[in-house]
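Visitor: Add 6 to a position in the sequence shown, counting from 1, and you land on the number used in our numbering. Quick reminder that beta carbons are idealized off the backbone N, C-alpha and C, glycines included. Sharing a structure with you now.
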Amino acid sequence: MDTFFGISGRFQTPATLIFLILGAALATLSWAPFNLWPLALVTLVIFHQAIATASIKQVVWRSMLFGLVMNLSGIYWLYVSMHEHGGASPFLATLMVVGFCIFLAVVLFLPFVYLYARIWRDAPTGLTLGFAAMWVLNEWYRSWILTGFPWLYFGYTQTEAPLAPWAPVIGTFGLTFVLAFTAGVISQWISQIKHGRASKKALFSQTLIVALLWIAPFGLKQVEWVTRKDDTPVKVALIQPNLSLQEKWNPAMFQPILNYFRQTTEGLTDQDIVIWPETAIPRNYHRVTGYLDVIDTEGQASNTSVILGIPSKWRKDDRVVSHNSIISIGAGKGIYHKQKLVPFGEYVPLEDWIRGLIQFFDLPMSHFRPGPENQEMLKAGNIEIAPFICYEVVYPDLVSKAAERADIFLTVSNDAWFGESIGPLQHLQMAQMRALENGRYLLRGTNTGVTVVVGPDGKIIEQLPQFERGVLKTEVYAMKGLTPLARYGTLPVVLLSAFIAVILFLSKRSFARRPGDNANDPNTD
Numbered sequence: 007m008d009t010f011f012g013i014s015g016r017f018q019t020p021a022t023l024i025f026l027i028l029g030a031a032l033a034t035l036s037w038a039p040f041n042l043w044p045l046a047l048v049t050l051v052i053f054h055q056a057i058a059t060a061s062i063k064q065v066v067w068r069s070m071l072f073g074l075v076m077n078l079s080g081i082y083w084l085y086v087s088m089h090e091h092g093g094a095s096p097f098l099a100t101l102m103v104v105g106f107c108i109f110l111a112v113v114l115f116l117p118f119v120y121l122y123a124r125i126w127r128d129a130p131t132g133l134t135l136g137f138a139a140m141w142v143l144n145e146w147y148r149s150w151i152l153t154g155f156p157w158l159y160f161g162y163t164q165t166e167a168p169l170a171p172w173a174p175v176i177g178t179f180g181l182t183f184v185l186a187f188t189a190g191v192i193s194q195w196i197s198q199i200k201h202g203r204a205s206k207k208a209l210f211s212q213t214l215i216v217a218l219l220w221i222a223p224f225g226l227k228q229v230e231w232v233t234r235k236d237d238t239p240v241k242v243a244l245i246q247p248n249l250s251l252q253e254k255w256n257p258a259m260f261q262p263i264l265n266y267f268r269q270t271t272e273g274l275t276d277q278d279i280v281i282w283p284e285t286a287i288p289r290n291y292h293r294v295t296g297y298l299d300v301i302d303t304e305g306q307a308s309n310t311s312v313i314l315g316i317p318s319k320w321r322k323d324d325r326v327v328s329h330n331s332i333i334s335i336g337a338g339k340g341i342y343h344k345q346k347l348v349p350f351g352e353y354v355p356l357e358d359w360i361r362g363l364i365q366f367f368d369l370p371m372s373h374f375r376p377g378p379e380n381q382e383m384l385k386a387g388n389i390e391i392a393p394f395i396c397y398e399v400v401y402p403d404l405v406s407k408a409a410e411r412a413d414i415f416l417t418v419s420n421d422a423w424f425g426e427s428i429g430p431l432q433h434l435q436m437a438q439m440r441a442l443e444n445g446r447y448l449l450r451g452t453n454t455g456v457t458v459v460v461g462p463d464g465k466i467i468e469q470l471p472q473f474e475r476g477v478l479k480t481e482v483y484a485m486k487g488l489t490p491l492a493r494y495g496t497l498p499v500v501l502l503s504a505f506i507a508v509i510l511f512l513s514k515r516s517f518a519r520r521p522g523d524n525a526n527d528p529n530t531d
């Protein structure tokens, strides 16, 4: 019996429903902090099995359920920022998180699955290549639509996994393609064993391609895409103050915060670079110029570059514009204004209508405007540093565009908004991938953690414990040279996926129906 909600008709059996929910939830365990990367393949195989021969209506319902569960399990931590720090009630925070996950599932995910089911899967090799292209195009779309939310990409599961050597060549999107193609082939073998539907000849050839894709990293490991600019180590120190958001924005704590950073920095005069986290000083730049002049003078005296996050205001076209900024002083120079702003945290969409309705729509420092593109690198002595603030580091192309001019990457953040959830650890994993893709050391300075230094291979060199005050000291090197990903960006993989989609569309009409498909025609209910 087909119910209003379509449970029996759309999902067909309780087992299908259970496996679909389980597979979607398991995906979260494939990313940090769990890093059980084989579960990414399990998830993708389950989803492929669920939609490969299903009717269009079944595909719609199954993909919406899959997308909803995967996002709820993977980004549930948004609730922490909305409720614990944003002032939203438990009910309202839950409603907003669920609503956002429904949006991701229906608006950003469903259209690509629909295209796969309606067009791509019916062409030769469409069940596998079309599946891989679908995932890449979906992830690419999510990276920019409505400012973008580039989270939960399957490629990140390979940051420290067997396919990692592919990252400097094909990037996160390419890794997703390999995983999805592999899952499609595995799923086809399962169907072949169960029903004998798939062509063994085609499956053997695709299996050979999969084998080559997984063997290639052994050779790619030996390729040195980048080298040290020179053999002089750069001494760096990253300060983690471990301030709660309540302490950070408490006016009574303002002077103690200034005292802490100055006193800690005074003990680091033997370092080349000292990093303070995002909005380390919770006041606008123009209100603390005297304090910054002292830090600047002391830094010049010790030949130490002090790089810190601070809000700033600037006059532009007869109006005052606020930015989330990073400045380099002392032996360094330069200022950077954040380009990719966090909705509600740094600016309020539809501000004239909703600001002030609830506390979450009127958070401190939520009046920022984005900085311009192609800003200058920060300088620390003769070192060129590409700066990124908070989740800017999760945008692959934004980071890769800076690699040509950068010796070192820097990202500063304040992940206290997400408490002890897995959100900050997912964020760290994406920063590791940027270092790996571009072959640069990456310095990550945060308020409460995770403060780390990442090597050009994407592996963590040094790390401070979360939620502890401390200073991380280590040595890094300026790097030169460009990886293929840094040189060409993500466009080649995206264009390849789009090309595959077009070819599958053009070849669909010449594709003979698979034996037995008439009993369960994908283009009927």
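Using beta-carbon positions only, say whether L416 and I301 come within less than 8 Å of one another.
Guide: Position 410 of the sequence shown, counted from the start, is the residue given in the question as residue 416. Position 295 of the sequence shown, counted from the start, is the residue given in the question as residue 301. Not a contact, by the Cβ cut-off of 8 Å.
Visitor: Give the list of continuous alpha helix (DSSP H) stretches no shorter than 4 residues that lie fully inside the stretch 401–474.
Guide: Entirely contained in the stretch 401–474, the alpha helix (DSSP H) runs reaching 4 residues are, in chain order, 402–409 and 429–444.
Visitor: Rounding to the nearest angstrom, what Cα-Cα distance links I333 and K241 in this structure?
Guide: Translated into positions along the sequence shown, residue 333 becomes position 327. Translated into positions along the sequence shown, residue 241 becomes position 235. Rounded to whole angstroms, I333 to K241 spans 19 Å at the Cα level.
Visitor: In terms of residues, what are the limits of the alpha helix (DSSP H) holding A208?
Guide: As a working note, residue 208 is residue 202 in the sequence shown. That run of the alpha helix (DSSP H) goes K206 to L226.
Visitor: Could you give the C-beta distance for A46 and T163, rounded to a whole number, given that I count them as a contact under 8 Å?
Guide: Walking along the sequence shown from the start, residue 46 turns up at place 40. Walking along the sequence shown from the start, residue 163 turns up at place 157. About 4 Å separates the two Cβ atoms, so the contact holds.
Visitor: Which residue or residues does DSSP assign as beta-bridge partners of Y342?
Guide: Against the sequence shown, residue 342 aligns to sequence position 336. According to DSSP, which records beta bridges pairwise, Y342 is partnered with I332.
Visitor: Excluding the 5 residues preceding and the 5 following V103 in the sequence, name in chain order all residues of the same chain whose CB lies nearer than 6 Å to its CB.
Guide: Locating residue 103 in the sequence shown gives position 97, counting from the first residue. So the qualifying residues of the chain are L84 and Y85.
Visitor: If I follow the unbroken alpha helix (DSSP H) through F320, where does it start and stop?
Guide: Sequence index remark: in the sequence shown, residue 320 carries index 314 (1-based). According to the sequence shown, residue 320 is Trp rather than Phe. Segment S311 to K322 is the beta strand (DSSP E) holding W320; no alpha helix (DSSP H) there.
Visitor: Who does L384 pair with in a DSSP beta bridge?
Guide: Indexing the sequence shown from 1 puts residue 384 at position 378. DSSP lists I391 as partners of L384.
Visitor: Would the C-beta of Y494 count as close to the ligand PLP, meaning under 7 Å from any of its heavy atoms?
Guide: In terms of ligand content, the structure shown is empty, and the ligand PLP therefore cannot be addressed.
Visitor: Please state whether DSSP places V482 in a helix, a strand or coil.
Guide: Within the sequence shown, numbered from 1, the residue matching residue 482 stands at position 476. Three-state DSSP puts V482 in a strand.
Visitor: Determine the DSSP secondary structure at L101, reduced to helix, strand or coil.
Guide: Locating residue 101 in the sequence shown gives position 95, counting from the first residue. Note: L101 maps to helix in three-state DSSP.
Visitor: Taking three-plus beta-carbon pairs below 8 Å as touching, is the stretch 473–491 in contact with the stretch 453–463?
Guide: These segments touch.
Visitor: Could you name the residues of the same chain whose beta carbon sits closer than 6 Å to that of M76, not counting the 5 residues immediately before and after it, in chain order?
Guide: Counted from its first residue, the sequence shown places residue 76 at position 70. Excluding sequence neighbours, M76 sits near A30 and A33.
Visitor: Is DSSP giving L244 helix, strand or coil here?
Guide: Here residue 244 is taken as the residue at index 238 of the sequence shown, counted from 1. In this structure, L244 counts as strand in the three-state DSSP scheme.
Visitor: Measuring only the C-alpha atoms, how far is A412 from S513?
Guide: By one-based count along the sequence shown, residue 412 stands at place 406. By one-based count along the sequence shown, residue 513 stands at place 507. Their Cα atoms are separated by approximately 44 Å.
Visitor: Check each candidate in K322, N330, K385 and R493 and name the one with the smallest Cα separation from E284.
Guide: For the purposes of this step, residue 284 is identified with residue 278 of the sequence shown, where counting begins at 1. The shortest C-alpha separation from E284 is found at N330.
Visitor: What is the DSSP secondary structure of N524, counted as helix, strand or coil?
Guide: Along the sequence shown, read from residue 1 onward, the residue named residue 524 stands at position 518. Residue confidence for N524 is low, a pLDDT of 42 falling below 50, so the modelled location carries little weight and cannot support an answer.
Visitor: Among L135, N444, G80 and A38, which one has its Cα closest to the Cα of V508?
Guide: Within the sequence shown, the letter at position 502 stands for residue 508. Nearest of L135, N444, G80 and A38 to V508, Cα basis: L135.
Visitor: Expressed to the nearest angstrom, what Euclidean distance is found between the alpha-carbon atoms of F118 and P402?
Guide: Working through the sequence shown from its first residue, we reach residue 118 at position 112. Working through the sequence shown from its first residue, we reach residue 402 at position 396. Going from the Cα of F118 to the Cα of P402 covers about 21 Å.
Visitor: Using the C-alpha atoms, what's the distance from H54 back to F511?
Guide: The residue given as residue 511 occupies position 505 in the sequence shown. The residue given as residue 54 occupies position 48 in the sequence shown. Each residue's alpha carbon lies about 19 Å from the other.
Visitor: Three-state secondary structure (DSSP) at L75?
Guide: Sequence index remark: in the sequence shown, residue 75 carries index 69 (1-based). The residue asked about is misnamed: residue 75 is Val in this sequence, not Leu. Helix, per DSSP.
Visitor: For F394, count the other beta carbons within 10 Å of its own beta carbon; 16 or more makes it buried, fewer makes it exposed. Which is it?
Guide: In the sequence shown, the residue the question calls residue 394 occupies position 388. Its Cβ being crowded by 16 or more others within 10 Å, F394 is buried.
Visitor: Measuring CB to CB, does L50 end up less than 8 Å from L169?
Guide: Residue 50 sits at position 44 when you count from the first residue of the sequence shown. Residue 169 sits at position 163 when you count from the first residue of the sequence shown. Not in contact: L50 and L169 (Cβ atoms no closer than 8 Å).
Visitor: Measure the CB-CB distance between K546 and P378 and report whether it falls below 8 Å.
Guide: As displayed, the chain neither begins before 7 nor continues past 531, which places residue 546 out of reach and without an answer.
Visitor: Within the same chain, show all residues whose beta-carbon is closer than 6 Å to that of A21, passing over the 5 residues directly before and after it, in chain order.
Guide: Translated into positions along the sequence shown, residue 21 becomes position 15. Result list for A21: empty, nothing under 6 Å.
Visitor: Does the contact criterion of 3 or more C-beta pairs under 8 Å hold for the stretch 133–147 versus the stretch 183–201?
Guide: Verdict: yes, contact present.
Visitor: Kindly indicate which residue of R446, F505, L488 and W423 has the alpha-carbon position closest to the one of G93.
Guide: By one-based count along the sequence shown, residue 93 stands at place 87. Closest option to G93, Cα to Cα, is W423.
Visitor: Figure out for me which residue from V113, C107, T165 and F109 has the closest Cα to the Cα of P39.
Guide: Counted from its first residue, the sequence shown places residue 39 at position 33. Per the Cα distances, T165.
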